[in-house]
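Report on the following structure.
6 protein chains.
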Amino acid sequence: MAKIALFPGSFDPFTKGHQNIVERALPLFDRLVIGIGRNTTKQTLYTPEERQQQIAALFANEPRIEVQIYDILTIDFAKSVGAQYVLRGVRTMADFEYERTIADVNKRLAGLETVLLFADADTASISSSLVRELKAFGKDVTDFLP
Amino acid sequence: MAKIALFPGSFDPFTKGHQNIVERALPLFDRLVIGIGRNTTKQTLYTPEERQQQIAALFANEPRIEVQIYDILTIDFAKSVGAQYVLRGVRTMADFEYERTIADVNKRLAGLETVLLFADADTASISSSLVRELKAFGKDVTDFLP
Amino acid sequence: MAKIALFPGSFDPFTKGHQNIVERALPLFDRLVIGIGRNTTKQTLYTPEERQQQIAALFANEPRIEVQIYDILTIDFAKSVGAQYVLRGVRTMADFEYERTIADVNKRLAGLETVLLFADADTASISSSLVRELKAFGKDVTDFLP
Amino acid sequence: MAKIALFPGSFDPFTKGHQNIVERALPLFDRLVIGIGRNTTKQTLYTPEERQQQIAALFANEPRIEVQIYDILTIDFAKSVGAQYVLRGVRTMADFEYERTIADVNKRLAGLETVLLFADADTASISSSLVRELKAFGKDVTDFLP
Amino acid sequence: MAKIALFPGSFDPFTKGHQNIVERALPLFDRLVIGIGRNTTKQTLYTPEERQQQIAALFANEPRIEVQIYDILTIDFAKSVGAQYVLRGVRTMADFEYERTIADVNKRLAGLETVLLFADADTASISSSLVRELKAFGKDVTDFLP
Amino acid sequence: MAKIALFPGSFDPFTKGHQNIVERALPLFDRLVIGIGRNTTKQTLYTPEERQQQIAALFANEPRIEVQIYDILTIDFAKSVGAQYVLRGVRTMADFEYERTIADVNKRLAGLETVLLFADADTASISSSLVRELKAFGKDVTDFLP
Chain A
1 MAKIALFPGS
11 FDPFTKGHQN
21 IVERALPLFD
31 RLVIGIGRNT
41 TKQTLYTPEE
51 RQQQIAALFA
61 NEPRIEVQIY
71 DILTIDFAKS
81 VGAQYVLRGV
91 RTMADFEYER
101 TIADVNKRLA
111 GLETVLLFAD
121 ADTASISSSL
131 VRELKAFGKD
141 VTDFLP
Chain B
1001 MAKIALFPGS
1011 FDPFTKGHQN
1021 IVERALPLFD
1031 RLVIGIGRNT
1041 TKQTLYTPEE
1051 RQQQIAALFA
1061 NEPRIEVQIY
1071 DILTIDFAKS
1081 VGAQYVLRGV
1091 RTMADFEYER
1101 TIADVNKRLA
1111 GLETVLLFAD
1121 ADTASISSSL
1131 VRELKAFGKD
1141 VTDFLP
Chain C
2001 MAKIALFPGS
2011 FDPFTKGHQN
2021 IVERALPLFD
2031 RLVIGIGRNT
2041 TKQTLYTPEE
2051 RQQQIAALFA
2061 NEPRIEVQIY
2071 DILTIDFAKS
2081 VGAQYVLRGV
2091 RTMADFEYER
2101 TIADVNKRLA
2111 GLETVLLFAD
2121 ADTASISSSL
2131 VRELKAFGKD
2141 VTDFLP
Chain D
3001 MAKIALFPGS
3011 FDPFTKGHQN
3021 IVERALPLFD
3031 RLVIGIGRNT
3041 TKQTLYTPEE
3051 RQQQIAALFA
3061 NEPRIEVQIY
3071 DILTIDFAKS
3081 VGAQYVLRGV
3091 RTMADFEYER
3101 TIADVNKRLA
3111 GLETVLLFAD
3121 ADTASISSSL
3131 VRELKAFGKD
3141 VTDFLP
Chain E
4001 MAKIALFPGS
4011 FDPFTKGHQN
4021 IVERALPLFD
4031 RLVIGIGRNT
4041 TKQTLYTPEE
4051 RQQQIAALFA
4061 NEPRIEVQIY
4071 DILTIDFAKS
4081 VGAQYVLRGV
4091 RTMADFEYER
4101 TIADVNKRLA
4111 GLETVLLFAD
4121 ADTASISSSL
4131 VRELKAFGKD
4141 VTDFLP
Chain F
5001 MAKIALFPGS
5011 FDPFTKGHQN
5021 IVERALPLFD
5031 RLVIGIGRNT
5041 TKQTLYTPEE
5051 RQQQIAALFA
5061 NEPRIEVQIY
5071 DILTIDFAKS
5081 VGAQYVLRGV
5091 RTMADFEYER
5101 TIADVNKRLA
5111 GLETVLLFAD
5121 ADTASISSSL
5131 VRELKAFGKD
5141 VTDFLP
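For the protein sequence lines, the chains are A, B, C, D, E and F, in the order given. Numbering-wise (this note's numbering), the first sequence opens with residue 1 and increments by one. Numbering-wise (this note's numbering), the second sequence opens with residue 1001 and increments by one. Numbering-wise (this note's numbering), the third sequence opens with residue 2001 and increments by one. Numbering-wise (this note's numbering), the fourth sequence opens with residue 3001 and increments by one. Numbering-wise (this note's numbering), the fifth sequence opens with residue 4001 and increments by one. Numbering-wise (this note's numbering), the sixth sequence opens with residue 5001 and increments by one.
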């Protein structure tokens, strides 16, 4: 059976930190679906469709990576793409605790397994919200993006 | 290239919690080496050779799992068995922080990638040291062992 | 003097996790008041009055349990019902730290003592916000509710 | 049924922090057993018997408090004194995580319930090991002891 | 070169905890700028100008302390006042982790060094949000303010 | 009054991480005393005198830095060198919690103020014990040392 992982997130924007996780995890799976959760209540920097284009362009040469937008529960989306795994990057304890709770629920409700990689030390402080804030103040953020 | 993971530990004894991590991680890899670190300064419940036999017997029907004893640095042992990955189970924050530091060093010194799985909620409190302590007081510990 | 504990929360909805804390704590007290904090700024799944009915029905056979709605400070509500104790369930570190700060303030301002129980491992991942989210996506949540 | 709590520890020595937990917890129980675990491998400041005398003298006027020495498993000692509860004071996250694991095991193996109180802010940094270290260097430690 | 520190925050209101950090840190620096971040989206208890007056009055006799309002990025404001240091008080782990991420970014983007002091145990539970909440319910909060 | 800081530790050996903390903290103080605690019960890689020589050689051109060996309580040694500050580098939560307790005690017993700097991300995983372990297995550790 093909090993399929879902890497879910908002990715607004997709940072070097996200890229790093995807590239390190890819060898473990046959297919990796990057799932952009659509959140209609939050103001965003890029529309989901823009994010999808940006990420797809980044991995254009990697046929095992696919980028999709979803607006259902993550466990239902995982099922719809055939994923048995959820991929997550963690660096802080707050991340860790949050992921542990989500992972327990994903396993209990849908039998989904969560695979964690540590964010690399040099990308660990890069978050999408930081990038958005810097951009809002007119800063150059290209260093943080792929 | 074959994907090989090293699952290093003392495993004195190998608990249901360890078994759970091995079984959940196995599908991700082509080969999984359970590495028993020999520690000559600690008093142990079982000798490394006894532990090797117990674990090997447990996975006798799984040709992709191998059990070895080592007394060198974990990164050197990983290299010697061709492992690109280190597998670890985590449940507590203390685990998490400890693993993060080790993972950083393993990556920097040897390019080893660490893959984390959350210990399942119902095996999370089972540790080898707990089993040793209970056994020392004459308790039945079969519930905690494979 | 009767030992009276306040178990304060939003309880939107009251989960199996909450039920578990109440049932385990009840033997310690003469009376246990479940206090539903009214929050007029948040959108809720159930009105406070609906939650009161649901919880009261659940404990209909337990005369020592009382369910009330309040919209004043928790310390003032505790005083108004004669509670010397605040009861809280904790599982994560984030919970723990949050409760420690609140407990310090409750003690300093009102002499209230906080009694903590660990959430049971199998209900630890159940939160009201999780249940609300699952319900919003049409999932069956009866497993998480009393 | 009488509510009996066990407050287990080394208490080498019994500090103001321990005293504070005992006094705050006492109203919750009918009987509180302070259990001094005998550890034959550690060097101690006071013998278990000396500690027993010191603690017993401190609570001489409180008939509901009893001080005993034990050298069996804590869960077995709890059973032998009829305790349904284990009492613990926590302040740090490390404490919290340690207690959570022990509490899970105590519940699973013996049905024991753990009740946690937060250490008061002004006694939170006082530990027996700190007192022992200061004493070893000839410091006056009376401020930290009852 | 004069050593200049920026102590940034909302300070709505400036509490005894903030005062404590400022007074303890002052000897380390030649000049300490208390920077009030203007946040136009949050409802506030006091306007930034009111906060500026209150804090300036408190330190009227300390010529090395200056109070300013800013509405740019903290790193840009630090640069504009010539600060090489950011001063922060921490007590909880959540604080610590949050500050670590911000400090990494401040250093990477602007070469700013972060200096941490532990909040004193007796002011550690005092936060501006707590004071605002108590005040909203008509409580006397003078104990928490300078 | 001269601002004097004590940077206490075992420094067996003194790593790049230690060097980084010293260099970043030096501008804050008039004098910085690196205090090597003598521990007669632990096996060490270098004698305290060797460590003193190594560290002194490293900072030979910095007259404000002094390296001393001590075998008394840290608070007493701080007093003997006139230090009003203790300097510490932190990266992990476990560090943070440990330092918080020590800092509370140092302040209460001796009025010592603790100043924390975050360990830089790229030296955060380097510890003396790691270096000792690698060296014991014949690894080249020059990358981790000044």
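Just so it is clear, CB atoms sit at the ideal spot from N, CA and C, and this is done for glycine as well.
Leaving out five residues before and five after R3132 (chain D) in sequence, what residues of the same chain have Cβ atoms less than 8 Å from its Cβ?
D3012, P3013 and L3045
Quick check on the DSSP output: what are the complete alpha helix (DSSP H) runs of length 4 or more inside the stretch 2049-2128 of chain C, in order along the chain?
2074-2080 and 2093-2110
How would you label S3127 (chain D), buried or exposed, when you count the other beta carbons within 10 angstroms and need 16 or more for buried?
buried
Please identify, using Cβ separations under 8 Å, the residues of the stretch 2124-2138 of chain C that lie next to chain B, in order along the chain.
Residues are counted here when their Cβ sits less than 8 Å from a Cβ of chain B; for the stretch 2124-2138 of chain C these are A2124 and S2125, given in chain order.
Along the stretch 2095-2112 of chain C, where does the CB come closer than 7 Å to a CB of chain E? Name the residues.
E2097, T2101, D2104 and V2105
Look up R4031 (chain E) in the DSSP assignment and say whether it is helix, strand or coil.
strand
Would you please state the rounded distance, in angstroms, between the beta carbons of E62 (chain A) and R31 (chain A)? I believe it to be under 8 Å.
Contact flag wrong, Cβ pair sits at about 10 Å.
Tell me A5025 (chain F)'s beta-bridge partners as DSSP assigns them.
Partner(s): none; A5025 (chain F) has no beta bridge.
Rounded separation between A124 (chain A) and G17 (chain A) - CA only:
7 Å
Could you check how far apart the C-beta atoms of I2021 (chain C) and I2034 (chain C) are, in whole angstroms? I think they sit under 8 Å.
Not really, about 10 Å apart at Cβ, beyond 8 Å.
My understanding is that E1049 (chain B) touches Y1085 (chain B), with C-beta atoms under 8 Å, so please give their C-beta distance in whole angstroms.
Their Cβ separation, rounded to whole angstroms, is 26 Å, which puts E1049 (chain B) and Y1085 (chain B) out of contact at 8 Å.
Assuming A5005 (chain F) is part of the beta strand (DSSP E), what are its boundary residues?
I5004 to G5009
I believe T4047 (chain E) touches L4145 (chain E) by the beta-carbon criterion, under 8 Å. Please report the beta-carbon distance rounded to the nearest angstrom.
No, T4047 (chain E) and L4145 (chain E) are not in contact; Cβ-Cβ is about 17 Å, not under 8 Å.
Identify, in the order they occur along the chain, each residue of the same chain with its Cβ nearer than 8 Å to the Cβ of L1130 (chain B), setting aside the five sequence neighbours on each side.
F1144
Could you check if M3001 (chain D) is buried or exposed, using at least 16 other CB atoms within 10 Å of its CB as the buried criterion?
exposed
With 16 other CB atoms within 10 Å as the buried threshold, where does F2137 (chain C) fall?
exposed
As a quick exercise: from C:G2009, C:L2134, C:I2004 and C:S2080, pick the residue whose alpha carbon is nearest that of P2027 (chain C).
Residue nearest to P2027 (chain C) within the set C:G2009, C:L2134, C:I2004 and C:S2080 is C:I2004 (criterion: CA-CA distance).
Is E5097 (chain F) closer than 8 Å to A3119 (chain D) when the C-beta atoms are compared?
no
Confirm, please, whether the CB-CB distance from T1074 (chain B) to P1008 (chain B) is below 8 Å.
yes
Distance, T1092 (chain B) Cα to D1071 (chain B) Cα
Between the alpha carbons of D1071 (chain B) and T1092 (chain B) lies a gap of roughly 27 Å.
Using CA atoms only, rank isn't needed, just tell me which of B:K1079, B:V1090 and B:L1134 is closest to D104 (chain A).
B:V1090
Measuring only the C-alpha atoms, how far is L2087 (chain C) from K2079 (chain C)?
One C-alpha to the other measures close to 14 Å.
Tell me whether the beta-carbon of V5115 (chain F) lies closer than 8 Å to the beta-carbon of V4115 (chain E).
yes
Pick from C:L2117, C:A2060, C:A2083 and C:R2038 that is closest to G2111 (chain C), judged by C-alpha positions:
C:A2083
Does G3138 (chain D) come out as helix, strand or coil in the three-state DSSP assignment?
Of the three classes helix, strand and coil, the one that applies to G3138 (chain D) here is coil, per DSSP.
Whole-angstrom C-beta distance between I69 (chain A) and R38 (chain A), which should lie under 8 Å:
6 Å
Nearest neighbour of E4099 (chain E), chosen from F:L5117, F:D5140 and F:N5106 [CA to CA]
Of the residues F:L5117, F:D5140 and F:N5106, the one whose Cα lies closest to the Cα of E4099 (chain E) is F:L5117.
Can you tell me whether A1057 (chain B) is buried or exposed? The criterion is at least 16 other CB atoms within 10 Å of its CB, across all chains shown.
exposed
Mind reading off the beta-carbon distance from F1077 (chain B) to L1134 (chain B)? Whole number of angstroms is fine, and I expect it under 8 Å.
Not confirmed; about 30 Å, so no contact.
Considering only the beta carbon of each residue, do A3121 (chain D) and D4140 (chain E) sit closer than 8 Å?
no
Between the CA atoms of I2036 (chain C) and Q2052 (chain C) - distance to the nearest angstrom:
7 Å
Out of curiosity, what's the CA-to-CA distance linking T40 (chain A) and K4042 (chain E)?
21 Å
Take Q1019 (chain B) and list the residues in its own chain whose beta-carbon comes closer than 8 Å to its own, dropping the five residues that flank it on each side.
The beta carbon of Q1019 (chain B) sits closer than 8 Å to those of L1058 and P1146, all from its chain and outside the five residues before and after it, given in chain order.
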